[in-house]
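Undergrad: Numbered per our numbering, the sequence shown spans residues 104 to 438.
We treat Cβ as the ideally placed atom computed from N, Cα and C, and that holds for glycine.
Attaching a single structure in structure tokens format; questions to follow.
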Amino acid sequence: MEASVATATRHLNKKGFLDLDVDPTLDLAAEITRLKREKNAIILAHYYQDADIQDIADYVGDSLGLSQEAARTDADIIVFAGVHFMAETAKILSPTKKVLLPDLKAGCSLADSCPAPLFRKFKEKYPDHVVVSYINGTAELKTLTDICCTSTNAVQIIESIPADKGIIFAPDINLGKYLVKTTGRDMVLWNGSCMVHEIFSHEKITKLMIRHPQAQFIAHPECEPHLLEKADYIGSTSGLLKYTQTHPATEFIVATEAGILHQMRKASPHKTFIPAPPNNTCACNDCPHMKLNTMEKLYLCMQYELPEITLPEWVIREGRASIDRMLEVSARAGL
Ligand code: 13P
Ligand code: SF4
């Protein structure tokens, strides 16, 4: 039996998602497609989502592509199959639209590592510096940021800043160190990191590379420097995907969240993709936040239009410029 919106809201308050029974015989893909049509909704999914969610989405991409799509869509509802900071970014870019996130607790260890009040104090020590923040941060952090970046456009964003200007980069220290190395710019780095990209085992990856000498080792720049030093290619999720499509190798060891392997296998079914092993007994490298989203939660969230992302008006107003600047530089760079 269907719950009322009021009952649904009570469930939501406790758990962060609609914990309602879903008829197990329901064809969820068909129901979600119907709801998309009826409500003029668009589903934007990150590459780290489960395969069934990626397959039902209107757009699957990396953080930059998802922001660009959120800014240009004419849908009435944006359903974000990703994590909280991504849905917040969509809300800042399209404040008049309803933005839904299937599970409000789908957070991000990077965003959590940089609370805005602490960052505000840190920033006060460098009053003349330009603040560049990785988009993996809270909406409030964006209000303290001059220009955002993603892993796809980070080099171009840093290079767009006059050479005589000091730069603070937050929150990912690994991406920050990678940018210092590639751009030659000296930057003040915030000490945050992604729990998924810091868990890879150097030792197990070295053994894999010995067992697969023809394989290309490819890594996301959120990985630690000692791993990036071994990589044949470093790039964002969309960069890694493109590399596997265009490089003649037929084997790839992939150091990022395992969800991306779905698109790699779809694009190059004749190639072999090996997820880089983590430092624990688990064989997977899933992001526990990304993987909170499920087809059931996606269906319920579209049915009841809950949970919804809301932001204070001042956060939208003061956070927007940093994302707009990022999109402008990206467009100029043809990204
Ligand atoms: P990109 O989407 O920019 O590749 O970043 C990966 C990531 O960690 C998103 O949470
Ligand atoms: Fe955050 Fe890392 Fe998960 Fe991306 S993979 S959402 S950076 S915790």
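Which residues does DSSP list as the beta-bridge partners of P381?
TA: Bridge partners of P381: F303.
Undergrad: Please tell me whether D408 and I180 are closer than 8 angstroms, where the distance is taken between their beta carbons.
TA: Note that residue 408 corresponds to Glu in the displayed sequence, not to Asp. Yes, the pair counts as a contact, with Cβ atoms nearer than the cut-off.
Undergrad: Residues bridged to C252 by DSSP?
TA: Looking at the DSSP assignment, C252 forms a beta bridge with Y237.
Undergrad: Hey, H373 and T353: beta-carbon distance below 8 angstroms or not?
TA: Taking 8 angstroms as the Cβ cut-off, H373 and T353 qualify as a contacting pair.
Undergrad: Answer yes if the segment 219–227 comes into contact with the segment 181–198, meaning at least three C-beta pairs across the two stretches below 8 angstroms, and no otherwise.
TA: Judged by Cβ distances under 8 angstroms, the segment 181–198 makes no contact with the segment 219–227, as fewer than three pairs qualify.
Undergrad: Let's see if you can read the secondary structure: which residues bound the beta strand (DSSP E) around A144?
TA: Looking at the DSSP string, the run of the beta strand (DSSP E) that includes A144 is 144–149.
Undergrad: Any residue with its Cβ nearer than 7 angstroms to a heavy atom of the ligand SF4 should be included. What is that list in chain order?
TA: Working through the chain, the matches are Y151, V186, C211, S212, L213, A214, N239, C297, M298, V299, H300, E325, E360, C390, H392, M393.
Undergrad: Which of helix, strand or coil does DSSP assign to E411?
TA: Three-state result, E411: strand.
Undergrad: Whole-angstrom Cβ separation of D231 and G269, contact assumed at under 8 angstroms?
TA: About 6 angstroms; that satisfies the 8 angstroms criterion.
Undergrad: Between which two residues does the alpha helix (DSSP H) holding K333 run?
TA: No alpha helix (DSSP H) contains K333, which DSSP labels as neither H nor E.
Undergrad: By Cβ distance below 7 angstroms, which residues in the same chain neighbour Q171 in space, the five residues on each side in sequence not counted?
TA: The answer, listed in chain order, is L430.
Undergrad: Check this for me: beta carbons of I321 and Y346, under 8 angstroms apart or not?
TA: Contact: yes.
Undergrad: At a threshold of 7 angstroms, does T192 count as lining the ligand 13P (C-beta to nearest heavy atom)?
TA: It does not: the Cβ of T192 is nowhere closer than 7 angstroms to a heavy atom of the ligand 13P.
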